[in-house]
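Enquirer: My structure is below; once you've seen it, I'll send some questions.
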Amino acid sequence: MSVEAQIPIEWVGDRERIHQLIVILLDNALKYTTEGGHIRLACHRFSSSVVVEVEDDGIGIPTEDLPRIFDRFYQSDKARSQSDGAGLGLAIAKWIIDQHHGKVKVESKLGEGTRFQVMFPAARWKYKRSGD
Numbered sequence: 001m002s003v004e005a006q007i008p009i010e011w012v013g014d015r016e017r018i019h020q021l022i023v024i025l026l027d028n029a030l031k032y033t034t035e036g037g038h039i040r041l042a043c044h045r046f047s048s049s050v051v052v053e054v055e056d057d058g059i060g061i062p063t064e065d066l067p068r069i070f071d072r073f074y075q076s077d078k079a080r081s082q083s084d085g086a087g088l089g090l091a092i093a094k095w096i097i098d099q100h101h102g103k104v105k106v107e108s109k110l111g112e113g114t115r116f117q118v119m120f121p122a123a124r125w126k127y128k129r130s131g132d
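Numbering (UniProt numbering), first residue to last: 1 to 132.
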């Protein structure tokens, strides 16, 4: 697992919910990445947004399932639904993103992995310089 952050930042919103969001995304990455696989958590600024990314090289999500992954109780194909879970994690993640005026983009290829890119308005983040 690797963690990347371009800038030290401090969340001004609901810290517990953002923590929950990151835990949900990392938990999914762990569930669907095979032993020896790689997971990347990154945070950086892009234009007027702060971007949080969770990327894995796991089993991936079928293209036809991508539009429904944030639906409550939805679980993708049988290979993904064999793990523990009720199909609520990504629905909760989407709710948290919406509550913080964010957007999410998901890219996935079967057998290659998945990347969740969550973008929050930069105004919701407080930037700290090194040494402050």
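Built from N, CA and C at the ideal position, the CB exists for glycine as well.
1) From the DSSP output, in three-state form, read off Asn72 for me.
2) Using C-beta distances below 8 angstroms, list every residue in its chain close to Lys78, excluding the 5 sequence neighbours before and after it, in chain order.
3) Compute the Euclidean distance between the alpha carbons of Lys94 and Gly60, then round it to the nearest angstrom.
4) From the DSSP output, in three-state form, read off Ile61 for me.
5) Looking at the structure shown, is Asp56 part of a helix, part of a strand, or coil, going by DSSP?
6) What residue does the alpha helix (DSSP H) around Ala91 start on, and which one ends it?
7) Look at the alpha carbon of Arg72 and the alpha carbon of Gly102, and state the distance between them as a whole number of angstroms.
Expert: Reading it off the structure:
1) On the sequence shown, residue 72 is found 72 positions in, with the first residue counted as 1. It should be noted that the sequence gives Arg, not Asn, for residue 72. Of the three classes helix, strand and coil, the one that applies to Arg72 here is coil, per DSSP.
2) Here residue 78 refers to the residue found at position 78 of the sequence shown. The predicted model places Lys78 with a pLDDT of 47, which falls under 50 and marks its position as unreliable, so this point remains unresolved.
3) As a first step, residue 94 is located in the sequence shown; it is residue number 94 there, counting from the start. As a first step, residue 60 is located in the sequence shown; it is residue number 60 there, counting from the start. If I take the Cα positions, the gap works out to 19 angstroms.
4) The count along the sequence shown starts at 1 and reaches residue 61 at position 61. The answer is coil: DSSP assigns Ile61 none of H, G, I, E or B.
5) Along the sequence shown, one-based indexing puts residue 56 at 56. In this structure, Asp56 counts as strand in the three-state DSSP scheme.
6) Numbered from its first residue, the sequence shown carries residue 91 at position 91. Residues 89-99.
7) Your numbering for residue 72 matches position 72 in the sequence shown. Your numbering for residue 102 matches position 102 in the sequence shown. Roughly 19 angstroms between the two C-alpha positions.
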